[in-house]
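Asks: Mind looking over this structure? Questions follow.
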Amino acid sequence: MMKDQYYLDNAATTWPKPETVYTTMDQFFRQYGVNPGRAGHEMAVEAERMITETRRLLAGFFNHTGDPHRVVFTQNATDSLNTALFGLINPGDHVITSRLEHNSVTRPTNHMARDLNVDVTQIQRDGEGYLDPEDIKKAIKSNTKVIVINHASNVLGSVQDIDAIGKIAREAGVTFVLDSCQTAGVLDLDMERSCVDVMTFTGHKGLFGPMGIGGLVVGDNIDIRPARVGGTGVDSITPYQPDGYPYRLEAGTVSVPGIAGLNAAQKWFAALGKEHLTDSKTFSHRELCVAALSHIEQKEVSHINKLANAFNAMDNVSVYGPKDNHPRVATLSVNIDGLPADQVGTMLDADHYVCVRAGLHCAPWVHEDEGTVEQKGTVRFSPGYFADDDDLTQAIGGILDIVEG
Ligand SMILES: Cc1ncc(COP(=O)(O)O)c(C=O)c1O
Numbered sequence: 001m002m003k004d005q006y007y008l009d010n011a012a013t014t015w016p017k018p019e020t021v022y023t024t025m026d027q028f029f030r031q032y033g034v035n036p037g038r039a040g041h042e043m044a045v046e047a048e049r050m051i052t053e054t055r056r057l058l059a060g061f062f063n064h065t066g067d068p069h070r071v072v073f074t075q076n077a078t079d080s081l082n083t084a085l086f087g088l089i090n091p092g093d094h095v096i097t098s099r100l101e102h103n104s105v106t107r108p109t110n111h112m113a114r115d116l117n118v119d120v121t122q123i124q125r126d127g128e129g130y131l132d133p134e135d136i137k138k139a140i141k142s143n144t145k146v147i148v149i150n151h152a153s154n155v156l157g158s159v160q161d162i163d164a165i166g167k168i169a170r171e172a173g174v175t176f177v178l179d180s181c182q183t184a185g186v187l188d189l190d191m192e193r194s195c196v197d198v199m200t201f202t203g204h205k206g207l208f209g210p211m212g213i214g215g216l217v218v219g220d221n222i223d224i225r226p227a228r229v230g231g232t233g234v235d236s237i238t239p240y241q242p243d244g245y246p247y248r249l250e251a252g253t254v255s256v257p258g259i260a261g262l263n264a265a266q267k268w269f270a271a272l273g274k275e276h277l278t279d280s281k282t283f284s285h286r287e288l289c290v291a292a293l294s295h296i297e298q299k300e301v302s303h304i305n306k307l308a309n310a311f312n313a314m315d316n317v318s319v320y321g322p323k324d325n326h327p328r329v330a331t332l333s334v335n336i337d338g339l340p341a342d343q344v345g346t347m348l349d350a351d352h353y354v355c356v357r358a359g360l361h362c363a364p365w366v367h368e369d370e371g372t373v374e375q376k377g378t379v380r381f382s383p384g385y386f387a388d389d390d391d392l393t394q395a396i397g398g399i400l401d402i403v404e405g
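Each step along the sequence shown adds one to the number in our numbering, with nothing skipped, and position 312 is 312.
So, in structure tokens, the structure goes:
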């Protein structure tokens, strides 16, 4: 039976979400959708309790072993990255980033270079989309303040060696900020192991939350200057923003329904992990999530390998990014010779009901380096955990049909 749509755009946002995310958000919002931490009544206390629990769950998920109050909620990854970068970097500082970044890193650093006398180095990558950690090491100067990179490219799917990069940053005393948008919820992220000082995340991609919620996990030895100040519901008599976390970086009312969605998704990861662990011992939230992630990664990589093998075998189709079994997530960019990417995207949607994203994917330098600007970017396939063989078959058939004209 045909589906209404074949959704392969999970790098933009995951869809569908686990059922429990929808039901929990609805129930929680109806029952406790009030301002948390501002009042002493039972509903406000319950909203606050859920938020604190979510901070703890996410601290475990990212292996932040320090204070869980340092899990701070924002609107999305763009908000988190702006908060981290503008709150850490000062005029005269040097920042290292790469040509693989999303505009949520490229634009803040470009603005700092233009307006705040910040020195920015963009590290080149190789033909498959990998950074050489040695290039990052060589770029460090006496005034380098921050290294900020994405864990996986949202165009090519290449995954960087963050353990090596984190070690280099730690040894040099440079703050390592990670953009986890394309890997959180797919790969095991461990702030301790990878020496990540500030983990930035968005809720609506692999973490299976809704839009409008994101966050950052701030390592215990790092302090970020607040960019926004205002009401926190605590210390109201103090004329300035409280220094302590999370309030230092959380001014104004947070998205209670969004956090309830993230909370439900965290528990969904844990339940999935439990299904894949045979031992009867009691596991921590993190251990359960790591087991779930290994299962999710396996499934997603198997999806993307099927697509890559099929597209690689087609004449007139260019496949970009990682080759063979090099580290990758389930994001794959292709083009059909002679056709602009947006036209292929429209044909896939209109004629084959396949949802993909075509364009520059907010990562312009990737296309400059691939030579895909003129073709208006690439057609990006990103099957998620809930994709099935029908989605893949439909996508492959759609591309073949367009190629054969
Ligand atoms: C690598 C990367 N960084 C940052 C972002 C920005 O995420 P958000 O739109 O949730 O702020 C995205 C979203 O596509 C992304 O893929």
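Just so it is clear, CB atoms sit at the ideal spot from N, CA and C, and this is done for glycine as well. Only a predicted model underlies this, so the values are computations on that prediction, with no experimental measurement involved.
Rounded to a whole number of angstroms, what is the C-alpha to C-alpha distance between Val373 and Phe61?
Replies: 37 Å
Asks: One question on the structure: do Val146 and Val120 come within less than 8 Å of each other, judged by their Cβ atoms?
Replies: No. Outside cutoff.
Asks: Just to confirm my understanding: we take Ala59, look at its own chain, exclude 5 residues before and 5 after, and list those with CB closer than 6 Å. What are they?
Replies: Pro68, Val71
Asks: Just how far apart, CA to CA, sit Ala330 and Ala113?
Replies: Between the alpha carbons of Ala330 and Ala113 lies a distance of about 33 Å.
Asks: Taking 7 Å as the cut-off, is the C-beta of His41 nearer than that to any heavy atom in ligand 1?
Replies: Distance from the C-beta of His41 to the nearest heavy atom of ligand 1 is not below 7 Å.
Asks: Please find out if some non-hydrogen atom of ligand 1 comes closer than 7 Å to the beta-carbon of His102.
Replies: yes
Asks: At least one CB of chain C closer than 8 Å to the CB of His151: is that the case?
Replies: Here chain C cannot be found, since the structure has a single protein chain.
Asks: DSSP three-state label for Arg248, please.
Replies: coil
Asks: Under 8 Å: do the segment 261-276 and the segment 341-360 share three or more Cβ pairs, one atom per stretch?
Replies: No, the segment 261-276 does not touch the segment 341-360.
Asks: Any heavy atom of ligand 1 closer than 7 Å to the beta-carbon of Asn143?
Replies: Asn143 has its Cβ no nearer than 7 Å to any heavy atom of ligand 1.
Asks: Pick out whichever of Tyr240, Leu178, His285 has its Cα sitting closest to the Cα of Thr54.
Replies: In terms of Cα proximity to Thr54, the closest of Tyr240, Leu178, His285 is His285.
Asks: Take Ser333 as the anchor and find which of Glu128, Leu339, Tyr320, Gln343 has the nearest alpha-carbon.
Replies: Tyr320
Asks: Relative to the C-alpha of Val177, which candidate in Ile224, Asp26, His204 has its C-alpha closest?
Replies: Ile224
Asks: With a threshold of 16 other CB atoms inside 10 Å of the CB of Met248, please say whether the residue is buried or exposed.
Replies: Checking the displayed sequence, the identity of residue 248 turns out to be Arg instead of Met. In summary, Arg248 is buried, with 16 or more beta-carbon neighbours lying within 10 Å of its beta-carbon over all protein chains present.
Asks: Would the beta-carbon of Asn76 be found less than 7 Å away from any heavy atom of ligand 1?
Replies: yes
Asks: Is Cys355 near ligand 1 - that is, is its Cβ less than 7 Å away from at least one heavy atom of it?
Replies: Incorrect: Cys355 has no Cβ contact closer than 7 Å to ligand 1.
Asks: Determine the burial state of Asn150: buried for a count of at least 16 other Cβ atoms within 10 Å of its Cβ, exposed for fewer.
Replies: buried
Asks: Should the segment 251-269 be called in touch with the segment 202-218, which here means at least 3 C-beta pairs below 8 Å?
Replies: yes
Asks: Given a threshold of 16 other Cβ atoms within 10 Å of its Cβ, counted over all protein chains shown, does Pro16 qualify as buried or as exposed?
Replies: exposed
Asks: For the beta strand (DSSP E) that contains His122, what are its first and last residues?
Replies: The question names His, yet the displayed sequence has Gln at residue 122. That run of the beta strand (DSSP E) goes 119-123.
Asks: Tell me the DSSP bridge mates of Tyr6?
Replies: Val354
Asks: Determine which residues share a DSSP beta bridge with Asn335 and list them.
Replies: Ser318
Asks: Would the C-beta of Asp9 count as close to ligand 1, meaning under 7 Å from any of its heavy atoms?
Replies: no
Asks: Between the Cα of Asp235 and the Cα atoms of Asn63, Leu293, Arg38, Asn325, which residue gives the shortest distance?
Replies: Arg38
Asks: How many Å lie between Asn103 and Ser80 at the Cα?
Replies: 13 Å
Asks: Please state whether the Cβ-Cβ distance between Ala164 and Ile140 is less than 8 Å.
Replies: no
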